Amino acid sequence: MAPLMGRKVIIVGGSSGIGLGVASAAVKARAQVVIVGRSMERLKVARETLAAEDRLTALAADMTQEREIARLFDAVGTFDHLVSTAGSPPPGDPIDQTDIDAVRDFIENKFVGAVLLAKHAARRLTRGGSMTFTSGINKDKPPVPGGAVVAAIAGSFSYLAHALSLELAPTRVNVVSPGWVDTPMFDALAGEAKAGYFDTMAARLPVGRIATPADIAPAYVHAMESDFTTGQTLHIDGGQSLI
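So that you can map any letter, position 168 of the sequence shown is 196 in the working numbering, and since no number is skipped, the others follow by simple counting.
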């Protein structure tokens with residue numbers, strides 16, 4: 029029997045990008061998948077894309093709102109694996125021009141949201157289940173200037189996983205750290221210049237191309253399936269950390 033077959037997997041951020049890629053991989057592995065996002069419209073589109081009505085549930089929740097997170101886990105009940113890929117575009121201003129409100133919003137969306145997920149997930153996870161959070165290459169290769177905030181927040185997830193893997197044992201807690209991935213977030217950041225931007229970046233990578241969500245999803249599947257992996261940060265960046 030495949031390790032994820034019949035297991036209940038919650039994917040926060042599962043309506044698009046990397047989260048949708050993980051949801052597709054989990055559906056193919058015959059898991060019972062719950063995708064979570066803020067927008068019911070995006071969730072509806074994701075459900076149509078995944079085309080797995082008998083094994084797919086879509087629920088709307090804002091991961092920065094504790095009441096909504098609590099309601100989410102009450103609705104899901106006992107489950108086996110949590111994956112969070114949710115996030116928002118990071119602030120990128122030089123430190124002397126930083127918009128502190130934007131920084132606070134990013135911390136709420138990315139880090140505080142992860143803490144809220146862990147708090148409420150811990151009460152419902154089956155023994156030996158897992159949580160997998162998402163970091164990123166900016167912790168290793170921060171943009172200069174403007175990368176201080178995103179590098180600090182991305183880097184913090186490794187320490188969160190270290191601590192939670194001990195506190196919540198035998199529940200396993202890991203982090204996936206992708207490099208450049210072609211997701212809708214880049215549409216907002218690069219706009220019409222995205223194609224040329226990606227061509228330039230791809231030429232620098234050892235693998236010679238930008239990742240798709242399908243390239244990244246196996247790392248999350250591994251984190252869920254590997255009973256002997258905990259407290260780790262899994263780098264899947266096409267060699268970006270080497271350049």
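Here a beta-carbon is modelled for each residue, glycine too, at the ideal position from N, C-alpha and C. Note that the coordinates shown come from a computational prediction; the quantities given were computed from them, not determined experimentally.
Next item on the list: For residue 39, I'd like the list of residues in its chain whose CB is within less than 6 Å of its CB, leaving aside the five on either flank, ordered along the chain.
Entry: Around residue 39: 47, 50, 51, 63, 111.
Next item on the list: At 4 residues or longer, and completely inside the stretch 72 to 145: list those alpha helix (DSSP H) runs for me, N to C.
Entry: 94 to 104, 128 to 135
Margin query: Using only CA atoms, which one of 37, 244, 65 lies nearest to residue 54?
Written below: 37
Check: Quick one: any contact between the stretch 67 to 85 and the stretch 123 to 134, if contact means 3 or more CB pairs under 8 Å?
Finding: no
Notebook entry, point to check: Mind checking residue 271: buried by the 16 CB within 10 Å criterion, or exposed?
Noted result: exposed
Note to self: So the candidates are 139, 150, 70, 153; which of them puts its Cα closest to the Cα of residue 163?
What the structure shows: Ranked by Cα distance from residue 163, the first of 139, 150, 70, 153 is 139.
Next item on the list: Can you have a look at residue 172 and say buried or exposed, based on whether 16 or more other CB atoms are within 10 angstroms of its CB?
Entry: Classification of residue 172: exposed, given that the 10 Å Cβ count is below 16.
Checklist line | Closest residue to residue 211 among 199, 233, 242 (Cα-Cα distance) | finding: Considering only alpha carbons, the answer is 242.
Note to self: Using the three-state DSSP reduction, which class does residue 264 fall into: helix, strand or coil?
What the structure shows: strand
Check: What does a CB cutoff of less than 7 Å around residue 144 pick up in its chain, not counting 5 residues either side in sequence?
Finding: 91, 94, 97
Next item on the list: Could you tell me if the beta carbon of residue 138 falls within a distance shorter than 7 Å of some heavy atom in the ligand PLP?
Entry: Ligands displayed in this structure: none; no statement on the ligand PLP is therefore possible.
Item checked: C-beta contact flag for residue 264 and residue 170 at 8 Å -> In this structure, residue 264 lies away from residue 170, with their beta-carbon atoms at least 8 Å apart.
Item checked: Residue range of the beta strand (DSSP E) that includes residue 157 -> 153 to 162
Margin query: Judging by CA-CA distance, which residue of 181, 100, 226, 160 is the nearest neighbour of residue 168?
Written below: 181
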